[in-house]
DNA sequence: TAGATTGTTAATCGATTAACAATC
DNA sequence: TAGATTGTTAATCGATTAACAATC
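Protein chains in written order, with my numbering: chain A, 1353 to 1557; chain B, 1353 to 1557.
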């Protein structure tokens, strides 16, 4: 069996990719683990170690081709292909996400949006028409989407997440301030400004 | 010198607090490290170890008083007092944050909002009037706020962050998809859906 | 070539878990 | 009391860093 990559390493790859894409736009052709590390506050040794989990991407003496490493990281992270997203909950935050151009630029496209408010269904947000929550499983399954963004109230998050999984969703970006209890093979990431603020206030007087 | 608490431990405390506040609302009077751990997917041993960094909050045989532990954690995290926030960037995301009730409920109050678009200045968002970016340092300093939320484009984030710090800001919740380079005594937390999505796509086919 | 930088190994450091005496 | 659960120590596990031979 292949050795599995630590999740903490995987979590750093998008940060490497972002910094490298920035270099690419700036026209920087090659970089070193030292330079890349300096730009994102990670040690050169750690970057080399992380990358070595996936292969050999550099050249002794000269470092890494930015373009090549971007391509490799995109491939490793499976973002060398477009991904369809489902958005559930079209409140202020859901609306902001639906109209955010950053997703499309990185290959993430919202293909379905749901809200349980009848006043919202039928309206167009971003590129899609808001649908009611009826038959959400079926509609998600038909779309084939594997990733959902959840921007519903905490009280609804668990139930909605379970419906999404029945519809074939395998990864959830959860904006609801609520720990989801889901099967181990479902990938969940949390975005929660309150816990981040409370983390920082610890260090303030 | 007092031993310092690992940042990774501090980062878990808001999650403990959230789960405990939920129990409090449910009317649950006491809990155990086991029960609390099960609810958020953390081992009982780790919860006891983390809490032991700050004192002794439980009783052998019976566990923890939920109310007491909530009070203690709020005090440890300094969220037993209100905090003023500055919001910079009133686009879709900034608007969503300005109107989000979750902040006020947890003691975080937006007292200033800035945007560089003249069409927006003077408008009211949430409880505050949108101001232009002129003299942002002075206005922030006058407010006395120590925490800012940054929802400006990546290209502006570094410069704005530096102005905020000159105005006395000591902690920044950065929504701009951009690594900030700031003095070590400034606390920065990042919220970035793209990197979270890219983390998850690694595990998808 | 000489200098620079990789990929990798070994050493260090830090975090998590297991175990259990203390005790409510 | 008997059972449950804490706080803490020691053991384990995993992640980071330092160092350097290989080599571009």
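Backbone N, C-alpha and C fix where the C-beta goes; we use that ideal spot for every residue, glycine too. Source: prediction; values computed, not measured.
Quick check: is the beta carbon of residue i nearer than 8 Å to any beta carbon in chain A?
| i | result |
| --- | --- |
| residue 1358 (chain B) | no |
| residue 1529 (chain B) | yes |
| residue 1363 (chain B) | yes |
| residue 1554 (chain B) | yes |
| residue 1434 (chain B) | no |
| residue 1445 (chain B) | yes |
Cβ of residue i less than 8 Å from any chain B Cβ?
| i | result |
| --- | --- |
| residue 1470 (chain A) | no |
| residue 1401 (chain A) | no |
| residue 1410 (chain A) | no |
| residue 1498 (chain A) | yes |
| residue 1353 (chain A) | Its pLDDT being 49, under 50, residue 1353 (chain A) is placed unreliably in this model, and the coordinates cannot settle the point. |
| residue 1429 (chain A) | yes |
Kindly indicate the opening and closing residues of the alpha helix (DSSP H) around residue i.
| i | result |
| --- | --- |
| residue 1466 (chain A) | Counting along the chain, residue 1466 (chain A) falls outside any alpha helix (DSSP H), though it belongs to the beta strand (DSSP E) covering 1460-1466. |
| residue 1402 (chain B) | 1396-1404 |
| residue 1584 (chain B) | It is not possible to answer for residue 1584 (chain B), since the shown part of chain B is limited to 1353 through 1557. |
| residue 1542 (chain A) | Not the alpha helix (DSSP H): residue 1542 (chain A) falls in the beta strand (DSSP E), residues 1539-1542. |
| residue 1359 (chain A) | 1359-1378 |
| residue 1389 (chain B) | 1385-1392 |
| residue 1495 (chain B) | 1488-1495 |
Give me, in chain order, the residues of the same chain whose beta-carbon lies closer than 6 Å to that of residue i; leave out the 5 immediate sequence neighbours on both sides.
| i | result |
| --- | --- |
| residue 1426 (chain B) | 1432 |
| residue 1353 (chain B) | Since pLDDT at residue 1353 (chain B) reaches only 48, below the 50 mark, its modelled position is unreliable, and no value is offered. |
| residue 1369 (chain A) | 1425 |
For residue i, which of helix, strand or coil comes out of DSSP?
| i | result |
| --- | --- |
| residue 1474 (chain B) | coil |
| residue 1423 (chain A) | helix |
| residue 1553 (chain A) | helix |
| residue 1408 (chain B) | coil |
| residue 1503 (chain A) | coil |
| residue 1527 (chain A) | coil |
| residue 1437 (chain A) | strand |
| residue 1415 (chain A) | strand |
| residue 1442 (chain B) | coil |
Got a sec? Which residues, its chain only, sit under 7 Å from residue i by beta carbon, not counting five neighbours each side?
| i | result |
| --- | --- |
| residue 1349 (chain B) | No answer is possible for residue 1349 (chain B): the residues shown for chain B start at 1353 and end at 1557. |
| residue 1540 (chain A) | 1524, 1526, 1532 and 1534 |
| residue 1357 (chain A) | 1405 |
If you follow the beta strand (DSSP E) that residue i is in, where does it begin and where does it stop?
| i | result |
| --- | --- |
| residue 1534 (chain A) | Here residue 1534 (chain A) belongs to no beta strand (DSSP E), and DSSP marks it neither H nor E. |
| residue 1429 (chain B) | First-last for residue 1429 (chain B): undefined, no H or E at that position. |
| residue 1521 (chain A) | Segment: none, residue 1521 (chain A) is in no beta strand (DSSP E) and carries neither H nor E. |
Exercise for the section: Residues of the stretch 1519-1552 of chain B with a CB closer than 7 Å to any CB of chain A: list them in chain order, please. Expected result: 1522, 1523, 1525, 1529, 1531, 1539, 1541, 1543, 1545, 1546, 1547, 1548, 1549, 1550, 1551 and 1552
Handout entry: Contact set between the stretch 1472-1494 of chain A and chain B, restricted to residues whose Cβ is under 7 Å from the partner
Key = none
Exercise for the section: Using a Cβ-Cβ cut-off of less than 8 Å, give me the residues of the stretch 1361-1394 of chain A that come near chain B, in sequence order. Expected result: 1362, 1363, 1365, 1366, 1367, 1369, 1370, 1371, 1391, 1392 and 1393
Handout entry: Contact list for the stretch 1449-1467 of chain A against chain B, Cβ threshold 8 Å
Key = 1449, 1451, 1452, 1454, 1455, 1458 and 1460
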